[in-house]
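>
Protein chains in written order, with the working numbering: chain A, 1 to 314; chain B, 315 to 615; chain C, 616 to 923; chain D, 924 to 1300.
#1: Restricting to Cα atoms, I'd like to know which of A/273, A/303 and A/262 is closest to residue 292 of chain A.
#2: Could you check the C-alpha separation between residue 1272 of chain D and residue 1075 of chain D for me, to the nearest Å?
#3: Please name the residue or residues paired with residue 433 of chain B in a DSSP beta bridge.
#4: So the candidates are C/683, C/896, C/889 and C/670; which of them puts its Cα closest to the Cα of residue 908 of chain C?
#5: Compile a chain-ordered list of the residues in the segment 318-352 of chain B whose CB is closer than 9 Å to at least one CB of chain D.
#6: Does residue 191 of chain A come within less than 8 Å of chain C when only Cβ atoms are used?
#7: In the DSSP assignment, find the beta strand (DSSP E) that holds residue 1097 of chain D and state where it starts and stops.
#8: Answer yes if the segment 1121-1130 of chain D comes into contact with the segment 1054-1074 of chain D, meaning at least three C-beta pairs across the two stretches below 8 Å, and no otherwise.
#9: Whose Cβ in chain B lies nearer than 7 Å to the Cβ of residue 282 of chain A?
#10: For residue 303 of chain A, report the span of its alpha helix (DSSP H) as first-last.
#11: Taking the alpha carbon of residue 418 of chain B as the point to measure from, which residue in A/280, A/242, A/276 and A/270 has its own alpha carbon closest?
#12: Which residues of the segment 286-297 of chain A have a Cβ closer than 9 Å to any Cβ of chain B? Give them in chain order.
#13: Roughly how many angstroms separate the alpha carbons of residue 33 of chain A and residue 267 of chain A, rounded to a whole number?
#14: On the premise that residue 555 of chain B lies in contact with residue 334 of chain B, defined as a C-beta separation below 8 Å, what is that separation, rounded to the nearest angstrom?
#15: Considering only the alpha carbon of each residue, which of D/1197, D/1269 and D/1137 lies closest to residue 583 of chain B?
#16: Can a CB atom of chain A be found closer than 8 Å to the CB of residue 895 of chain C?
#17: Are the beta-carbon atoms of residue 329 of chain B and residue 577 of chain B separated by less than 8 Å?
#18: For residue 1000 of chain D, does the count of other Cβ atoms within 10 angstroms reach 16, so buried, or fall short, so exposed?
#19: Verify whether the separation of the beta carbon atoms of residue 1174 of chain D and residue 1197 of chain D is less than 8 Å.
#20: What residues in the segment 1021-1046 of chain D have a beta carbon less than 8 Å from any beta carbon of chain A?
#21: Any beta carbon of chain B sitting closer than 8 Å to that of residue 960 of chain D?
#22: By the DSSP assignment, the alpha helix (DSSP H) with residue 1159 of chain D in it spans what residues?
#23: For residue 899 of chain C, list the residues DSSP reports as bridge partners.
#24: Kindly indicate which three-state DSSP category residue 106 of chain A falls into: helix, strand or coil?
#25: Can you round the beta-carbon distance between residue 901 of chain D and residue 1237 of chain D to whole angstroms, since I take them to be within the 8 Å contact cut?
#26: Kindly indicate if chain A contains any beta-carbon less than 8 Å away from that of residue 726 of chain C.
#27: Hey, is residue 661 of chain C's beta-carbon within less than 8 Å of any beta-carbon in chain A?
#28: CA-CA distance, residue 516 of chain B and residue 609 of chain B?
#29: Please list the partners that residue 180 of chain A has in chain C, where partner means a Cβ-to-Cβ separation under 9 Å.
#30: Quick check: is the beta carbon of residue 45 of chain A nearer than 8 Å to any beta carbon in chain C?
#31: Return yes when the Cβ of residue 251 of chain A is within less than 8 Å of the Cβ of residue 260 of chain A, no when it is not.
#32: Just how far apart, CA to CA, sit residue 1165 of chain D and residue 1130 of chain D?
#33: Spell out the partners DSSP gives residue 993 of chain D in its beta bridges.
#34: Report back the beta-carbon spacing between residue 951 of chain D and residue 992 of chain D to the nearest angstrom; my notes put them in contact at under 8 Å.
#35: Rounded to the nearest angstrom, what separates residue 117 of chain A and residue 1034 of chain D at their Cα positions?
#36: Can you name the residues of chain A whose CB is closer than 8 Å to the CB of residue 998 of chain D?
So this is what it looks like as structure tokens:
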């Protein structure tokens, strides 16, 4: 069973890798969007999926990263990809500062506070906070990224940039999931009191989950800014956070392949439904409900962690 | 000072409507621990149904404004209540035993579905309630200008909230709802038909939301298919502010949110009004992590 | 000779108007097995929660290993060497037995997010060591065979099943169950409701084994002192015997043990020192023989117990 | 999983089935990018109605240079990311030109995509100045720029003799741009003072708190640069407060629903600046269009931006006709240099080198007691 799954994943990866060769520009660009949201979903998955915290404000961290890149590039002429570490860092720092006082809130109370967070960030961006965000115009004229003097502008070129980032993310997060750190988050999700009673510093891990998720969202903000060449508050609304949230839960909370599939469905389906014209979102909404009903745990729920076989077991 | 009181009445009118919608969130949450993100769209459905019934049946012409609107409200509430029950049966019931967030995503899907259904049926443009159904009087007290209709809206909200509160506290069904909210398992053992209770809750909550939709239509005159999203979010905020699952909390939270918004706009900044409201919410939750009237359950260890 | 490892000084805790723990002081000697007993609601569990940092005392001091730990966060208390089990079972229900034990290893490990992502040699070595340690603990309590099963598949008290089965065996048209959920927590009550509804399959491990697993997890933290809250609750006779042996074995490892228990047989057999509290106050202290004869205790607690 | 597949794949198949089939090469394809869903769906849907009507018109008269015109529309949902996908999709469909879209930041997210694919883009509701300051050769717009409208608005305020003006916008890119332009110009004028300048939150229902605050500054006119739904509510609630201060709006308030929302009584006397409505243009094209639209859809066109999209379509088809070519460079050149005073549905149309529409476009309208929009002399 396990080998079969891995075979499917490998085949899927290969198909994805080759897809720019036989898809047109539009579908490649759809895959780019899917890729961006897959990474966003994976970063949110650390907070929602592993640690089990109700967080519906991830777009706030994404926005910090995208705007950092936009400001660094347009005002200080920093090459786009060089801005990535700082974007990630600032998003992480922002998460550290804002999450600290609210981290002890439980369940739905945390949910509304994170919604409030993303709304406050959006309103701040619209109102041109500190005079650096360009208000509702946003910031425009961001450079395309350059790798070794090679300028990335076509969808197919972005495809490889985005999915390479996704691959690195999957690799690192898979390791994170199967480590002491990943386990600590799982214990936290299962039973906070028992986790604390087993010697796990729950407050620390909650905060760490937020910070790592935010760092990744911030870095992907860089890629988004470079791809769109404009960042504006519309792109970081509460609805964006909801989309990321749906990706995680629909695909399978806590499951890396699940989240990636979730991104394909949540981002891809509205594109597939373009044939329905004005009714496309109606079909999308109905599809969300039905998929959730049929796969109540998410489409690919996480599998238990594997440990080396115990030689004492017969 | 006069401006302060004027703003206070502005905030109360808005808050009354938030409170009415917040009740729907809080009732459903109380029993199912589910945030019904489609609740805002049920509110929109209420305002559209109200418009259709109002214009097609000409009730106010036949029965006069008071009884006409009363009958209209009853019809809208029943219809939206039925939609609520259907919503629960289709989108939530299969998810009772699943992780809580699965139902949240189903609710979001249902919200998208409702919103676009309304758009396809009624069209994307704004719809307008007929004017002058209600008397356009302005009451002048102590130098304040208060349109009569605002007093009526607030009054109607308060009456409905009190009726609900009495229903929940004094009747057998109300007791069953409270029991199911407290502990579903124990309620089952006591012979309470929990599924029946859930159906009642999914009737009353949406019915109140529908009534709020009708009131918004009558009061502000203008409805469109996306309005439920903003009202829904505000009402959810209000429900949390008061302590979700707590019925008086939803009322207090709604009114308070309306007042905070009005005063925030008046004395700090209009453009930052919503951010101020959220900031106040966050500060309140930092101090009182389960809302203003929410129970502070020390976890039993 | 034996030194004091834990010392409670004038500990007081209020919940609203209720004083759950009222000015309680006692010492625990290193290497001892001590029982904390008292009627229901006397405040035993609250004393434990104060020791382990789940609650902060309103007054008084807790010293462990000559260090003041009053008001410390639980994980720090655990780090320092006090591990606990819970009156209401709190396992990570959806994780495997092995992973439950690994939770206990957590505080003796150092791998953080960075080391995990880049899987450094040090991290790998530590992980292997932790797995070995976890398996050792499972071996110790006799659960090694169950390492891979999910902990939620461990069944609830066999006693209660038997009671219901016996009632069913009479072929009734109606079943009247008197307080079948007495002493059960929410999870157990939920399960019981399901059970009454379904009357069907049983799990693999008994309730007693769930208890043992919890103890294994606690042991994995490498504690100097173990705090057990009703370890024999819901256990059958054999399981209780096994527990007594286990307590003795743990003591041989140099552990100090405090336990809350209603099972007087177990308390008398396993403990060498007892503290009795009632209404939040300490009413007696001494060895089992002394306690048995203490009139206050008989009045408050044992008296009613022995009338059975 | 099986159940999921059972649901998912039929859906997929259905959606592919409903996708438009590939067209033959014997058509001229013109794209339309607009918000068909989301909060601005009514605008996008009417844009499509206008273009469908105009294309049918051309086709029934023998087509464009003997070829049929095909309108391919894509939904941008009023969201930059979805807009960029819609734009990329259009570039794969062999369109010569794209009309749209509504909203400056949405348009901006697609400008590079069209430019890199050498496709003409004619925006209809994107008034931000910067869009045409980038030197893009294929970008045009039929709507005037914010600075143009700001100038007309400021002059009108001055002419009406208002001394203390309150300016309200809704923090959208368009409304804020117009508000700042107007404010800048008013400050320079003598004897006019801007006593209030702030943003409301669009999409709400209750603006009493804002109006109460504005009233405290006792302005003698309010200029609101946002959209008609909010303008209608502001008018209505202002009247309910018993406050009869003169009220003026920008071209986003040019929509019949404004009067429906506000009510005739409250809307009476409301001024707005806008490109002229087709009904007010005494040209055969405009008369013809209004008549046909009325016949096809049962009402006059509601949105001025939909009509501007129609103008975008008409200038593109005119250029194709005149150059007898679908070469985008030739079309762009024609639009830049040769098109002069083309009779549009919103007045005469010419473009400058930047792709901006030139000439005096804006007019001043006032609402009369029957709720009709009356062109002011």
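Every residue, glycine too, gets a C-beta built ideally from N, C-alpha and C.
In short:
#1: Start at 1 with the first residue of the first chain, and residue 292 of chain A comes out as number 292. The option with the nearest alpha carbon to residue 292 of chain A is A/262.
#2: One-based indexing of the fourth chain puts residue 1272 of chain D at position 349. One-based indexing of the fourth chain puts residue 1075 of chain D at position 152. Distance between the alpha carbons of residue 1272 of chain D and residue 1075 of chain D: 18 Å.
#3: For the purposes of this step, residue 433 of chain B is taken as the residue at position 119 of the second chain. Secondary-structure assignment with DSSP links residue 433 of chain B through no beta bridge to anything.
#4: Taking the first residue of the third chain as 1, we reach residue 908 of chain C at position 293. Of the candidates C/683, C/896, C/889 and C/670, the one whose C-alpha sits nearest the C-alpha of residue 908 of chain C is C/889.
#5: If the cut-off is 9 Å between Cβ atoms, the segment 318-352 of chain B has 320, 321, 323, 324, 325, 327, 328 and 331 near chain D.
#6: For the purposes of this step, residue 191 of chain A is identified with residue 191 of the first chain, where counting begins at 1. Interface criterion met: the Cβ of residue 191 of chain A is under 8 Å from a Cβ in chain C.
#7: By 1-based counting over the fourth chain, the position of residue 1097 of chain D is 174. Note, residue 1097 of chain D: premise wrong, no beta strand (DSSP E); alpha helix (DSSP H) at 1096-1111.
#8: A contact is defined here as three or more CB-CB pairs under 8 Å, and the segment 1054-1074 of chain D fails this definition with respect to the segment 1121-1130 of chain D.
#9: Stepping through the first chain from its first residue, residue 282 of chain A is reached at position 282. Taking a Cβ-Cβ threshold of 7 Å, the residues of chain B close to residue 282 of chain A are 427, 430, 431 and 434, in chain order.
#10: For the purposes of this step, residue 303 of chain A is taken as the residue at position 303 of the first chain. Where residue 303 of chain A is concerned, there is no enclosing alpha helix (DSSP H), given that its DSSP letter is neither H nor E.
#11: Against the second chain, residue 418 of chain B aligns to sequence position 104. With distances taken between Cα atoms, residue 418 of chain B lies closest to A/242.
#12: Under the 9 Å Cβ criterion, the segment 286-297 of chain A contributes 286, 287, 288, 289, 290, 291, 292, 293, 294, 295, 296 and 297.
#13: Walking along the first chain from the start, residue 33 of chain A turns up at place 33. Walking along the first chain from the start, residue 267 of chain A turns up at place 267. Our two residues, residue 33 of chain A and residue 267 of chain A, have alpha carbons roughly 7 Å apart in a direct line.
#14: Taking the second chain and counting its residues from 1, one reaches residue 334 of chain B at position 20. Taking the second chain and counting its residues from 1, one reaches residue 555 of chain B at position 241. Between residue 555 of chain B and residue 334 of chain B the Cβ distance is about 15 Å, and since that is not below 8 Å, they are no contact.
#15: Walking along the second chain from the start, residue 583 of chain B turns up at place 269. Out of D/1197, D/1269 and D/1137, the CA that lies nearest to the CA of residue 583 of chain B is found in D/1137.
#16: Against the third chain, residue 895 of chain C aligns to sequence position 280. Not closer than 8 Å to any Cβ of chain A, the Cβ of residue 895 of chain C fails to qualify, so no.
#17: Within the second chain, residue 329 of chain B is the residue found at index 15, counting from 1. Within the second chain, residue 577 of chain B is the residue found at index 263, counting from 1. Result no, Cβ atoms of residue 329 of chain B and residue 577 of chain B do not sit closer than 8 Å.
#18: In the fourth chain, counting from the first residue as 1, residue 1000 of chain D sits at position 77. That one is buried.
#19: Here residue 1174 of chain D is taken as the residue at index 251 of the fourth chain, counted from 1. Here residue 1197 of chain D is taken as the residue at index 274 of the fourth chain, counted from 1. Yes. Within cutoff.
#20: Taking a C-beta cut-off of 8 Å against chain A, the contacting residues of the segment 1021-1046 of chain D are 1027, 1028, 1029, 1031, 1032, 1035 and 1039, listed in chain order.
#21: Here residue 960 of chain D refers to the residue found at position 37 when the fourth chain is read from its first residue. With a threshold of 8 Å between beta carbons, residue 960 of chain D makes contact with chain B.
#22: Here residue 1159 of chain D corresponds to residue number 236 of the fourth chain, with the count starting at 1. Run containing residue 1159 of chain D: 1151-1163, per the alpha helix (DSSP H) assignment.
#23: Locating residue 899 of chain C in the third chain gives position 284, where the first residue counts as 1. Under the DSSP definition of a beta bridge, residue 899 of chain C partners with C/891.
#24: In the first chain, counting from the first residue as 1, residue 106 of chain A sits at position 106. Coil.
#25: Past the boundaries of the shown model lies residue 901 of chain D; chain D is included only from 924 to 1300, so the question cannot be answered.
#26: Mapped onto the third chain, residue 726 of chain C falls at position 111. With 8 Å as the cut-off, residue 726 of chain C counts as an interface residue toward chain A.
#27: For the purposes of this step, residue 661 of chain C is taken as the residue at position 46 of the third chain. No, residue 661 of chain C does not count as interfacial toward chain A.
#28: Position 202 of the second chain holds residue 516 of chain B. Position 295 of the second chain holds residue 609 of chain B. If you take the alpha carbons of residue 516 of chain B and residue 609 of chain B, they lie about 23 Å apart.
#29: Here residue 180 of chain A refers to the residue found at position 180 when the first chain is read from its first residue. Ordered by position in chain C, the residues that pass the 9 Å Cβ test against residue 180 of chain A are 717, 720, 721, 724, 725, 726, 727, 730, 731, 738, 741, 742 and 745.
#30: Here residue 45 of chain A refers to the residue found at position 45 when the first chain is read from its first residue. Answer no: the Cβ-Cβ gap between residue 45 of chain A and chain C never drops below 8 Å.
#31: Against the first chain, residue 260 of chain A aligns to sequence position 260. Against the first chain, residue 251 of chain A aligns to sequence position 251. Their beta carbons are under 8 Å apart, which means residue 260 of chain A touches residue 251 of chain A by this criterion.
#32: As a first step, residue 1165 of chain D must be located in the fourth chain, where it is residue number 242. As a first step, residue 1130 of chain D must be located in the fourth chain, where it is residue number 207. Their Cα atoms are separated by approximately 14 Å.
#33: The count along the fourth chain starts at 1 and reaches residue 993 of chain D at position 70. DSSP, once it has assigned bridges, lists D/952 as partnering residue 993 of chain D.
#34: Taking the fourth chain and counting its residues from 1, one reaches residue 951 of chain D at position 28. Taking the fourth chain and counting its residues from 1, one reaches residue 992 of chain D at position 69. About 5 Å separates the two Cβ atoms, so the contact holds.
#35: In the first chain, residue 117 of chain A corresponds to position 117, counting from 1. In the fourth chain, residue 1034 of chain D corresponds to position 111, counting from 1. Rounded to whole angstroms, residue 117 of chain A to residue 1034 of chain D spans 31 Å at the Cα level.
#36: Position 75 of the fourth chain holds residue 998 of chain D. By Cβ distance, chain A contributes 274, 277, 278 and 280.
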